[in-house]
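Sequential numbering of the sequence shown, starting at 1, is according to the UniProt record's numbering.
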Amino acid sequence: MRCSKTIAEDIGATAIEAFWCGTSFLLASTVVQPPVASLSHIFGRRSALLASLTVFVAGSIMAALAKNIAVLLGGRTLQGLGSGGILALTYVIATDLASLRERGKWFGLISLNWAIGSILGPLIGGALVEVSWPWLFWINLPFCGIAYIAIPITMRIKRREEASVNAKLREFDWIGTIIFVGSLTSFLIPLSWGGIMYNWSSPRTVIPLTFGIMGLTSFGFRIKFCRKYSRCDPLLRPSLFTSLTALSAYFATVIHGITVWCLLYYVPLYHEVRGSSPITAGVAVMPFTGTVAPAAVIAGWVLVPIGMGLMLLLDDHTETYKWVLIYLTGGLGLGILYSAQAFAAQASASNSDLPFAASFYAFCRSLGQGIGVAVGGVTFQNEFRKQVEKSPEFASKANEWAKDASALVQILKKSPSSMQLMKETIIHGYIKGLRTVWLVLALLACIAFLVSLVFVKAKSLGRKFETEHTLDQADLKEKKDQRVSEVNA
């Protein structure tokens, strides 16, 4: 958030345009995941992953070289498209490489890498933005270069039954993909700007939101009857949604995404209001991200509501040891859910559906992050406005301040002591607004806990490992063993 503000000031963008720097990435990352996962079945995992990586690199270069907001938004959108493809394919490829019982090790590694990135990202970003913001994007390139070298060498995955690309393209659900991407975009954009750029009652919010809901409803009918009236494979297989365990896991994953995104956005804001530097605010997120891997054996949805509830105790004078312990409680719960939710969804899916279940899990988490923008924004702004309106001196500024409350952090830091009453009013509004966000997250976590407790059932992990995509090395070993058998015969 602080990075977006700094970049916007440097290139002469408005606060709303700065808001779209992050939102464009998130929206693009969400809508692209199911199509990329499906296309990987046609062109292969390695080709799809390299293509996603290339789009991400192009977006990083474009954003780093940006001199105006239009180019920057274009770069961030490309980054989102590439990032979404990489995220979805990471889980899909894991299903190709390991059996369901062994997959926990792979998901643990994925979670560990995510934790490392989430810890270092705010710290490095906070430091780089103080020096030169283009390095926020240039820093991606060396890691992408390593991936370009490693992927072709190490990832030799191919389909067991090679089919014509043209035949597979004819079976791809192009109409469903267009409906899905268009409808989801129409749904998420007004959720992102509602209450920030435009009021929730504004036609610019209501109309696209309505069209998005209608489009997603029609997409549901499309995937249900796709096979009946055409030869194409539906973008999302209906069999993914026949199990209550899977549906519960997907629902809880969306709640998980909402919770994580709100915390990553609003916890640094809380610490900046307390007067912390951007780097310190980034360090404060570590208890939520650094506990992902160690929490792999601890119950998740029991700890998350407790952790979110304890955050109601936070104020502008909370001692460091207290907020660290509170964050660790919620972080431990969120950590286990990264792997546990994926297992719940995949254990309920058939072998042929496992890659689709893995990619849909990743999509649900990103969807939750997109919805989290709306949930956190509306909750915080409404309560912040309500608290400012209680002050006779500043009630007239309540709507103005609420629309861009994050920008007030810089005003607080630069305000002279003579404006102490204004500072106290803003800080009070921040604390009350953030407490309301924590309360909403606690309630959502309780709902997810109850849904998981009632509907998620025990599933066996000992099924036979079957996949359409296998490593070339396995095929070579099989051919070698066959030749040895023929010689012995």
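Where a beta carbon is used, it is the ideal one built from N, C-alpha and C, also for glycine.
| Item | Value |
| --- | --- |
| Option in L337, T95 and F380 with minimal Cα separation from V260 | L337 |
| Beta carbon of A88 nearer than 7 angstroms to that of S348 | no |
| Burial state of W174, where buried means 16 or more other Cβ atoms lie within 10 Å | exposed |
| Rounded C-alpha distance that separates I149 from S60 | 18 angstroms |
| Spatial neighbours of G182 in its chain, beta-carbon cut-off 7 angstroms, leaving aside the 5 residues before and after | G215 |
| Close Cβ partners of A58 (< 6 angstroms) along its chain, the five nearest in sequence each way excluded | L78 |
| Residue from G370, L128, V388 and V71 with nearest C-alpha to G257 | G370 |
| Separation of S239 from L247, as counted between CA atoms | 11 angstroms |
| Contact the stretch 313–333 vs the stretch 64–80: 3+ CB pairs below 8 angstroms | no |
| Environment of R385 [buried if 16+ CB atoms lie within 10 Å] | buried |
| G307 - DSSP class collapsed to helix/strand/coil | helix |
| Check whether A8 and L81 have beta carbons under 7 angstroms apart | no |
| Closest by C-alpha distance to G377, when choosing among W438, G331 and A345 | W438 |
| Top-ranked residue by Cα proximity to A37, from T90, L53, Q341 and R156 | T90 |
| Classification of A13 by the beta-carbon crowding that lies within 10 angstroms, buried from 16 upward | buried |
| Spatially closest choice to A344 from M308, F251 and E424, by CA coordinates | F251 |
| Assumed close pair I151, L50 - CB separation to whole angstroms, cut-off 8 angstroms | 6 angstroms |
| Close beta carbons around I306, own chain, < 7 angstroms, minus the five adjacent residues each side | T329 |
| Residues bridged to G194 (per DSSP) | Y198 |
| Collapsed DSSP secondary structure at F172 in the structure displayed | strand |
| Three-state secondary structure assigned by DSSP to A296 | Reliability of the predicted coordinates at A296 is poor, the pLDDT of 38 falling under 50, and the value obtained from them is presented with this limitation in mind. DSSP places A296 in helix when its eight states are reduced to three. |
| Inter-stretch contact (C-beta, 8 angstroms, three-pair minimum) for the stretch 200–212 and the stretch 221–235 | no |
| Length of the line joining the Cα atoms of L408 and I431 | 13 angstroms |
| Chain-order list of residues whose beta-carbon lies under 7 angstroms from that of F187 (same chain, five-residue window excluded) | L209, G212, I213 and L216 |
| Sequence-distant residues of its chain with Cβ nearer than 6 angstroms to L244 (five each side left out) | F455 |
| Simplified DSSP assignment, three categories, for D233 | strand |
| Nearest residue (CA-CA) to residue 492, options W193, H41 and S83 | Here the chain comprises residues numbered 1 to 489, so residue 492 is not present and cannot be evaluated. |
| Cβ pair V32, G117 closer than 7 angstroms | no |
| Nearest residue (CA-CA) to L354, options A445, R101 and Y265 | R101 |
| Whole-angstrom distance between Y266 and F380, CA atom to CA atom | 9 angstroms |
| Top-ranked residue by Cα proximity to M62, from L313, L136, T95 and A398 | L136 |
| Inter-residue CB distance, E393 and G433 (contact presumed, cutoff 8 angstroms) | Rounded, the Cβ-Cβ distance is 19 angstroms, inconsistent with contact. |
| Distance CB(G429)-CB(V375) smaller than 7 angstroms | no |
| 7 angstroms Cβ cutoff met for Q346 and T253 | no |
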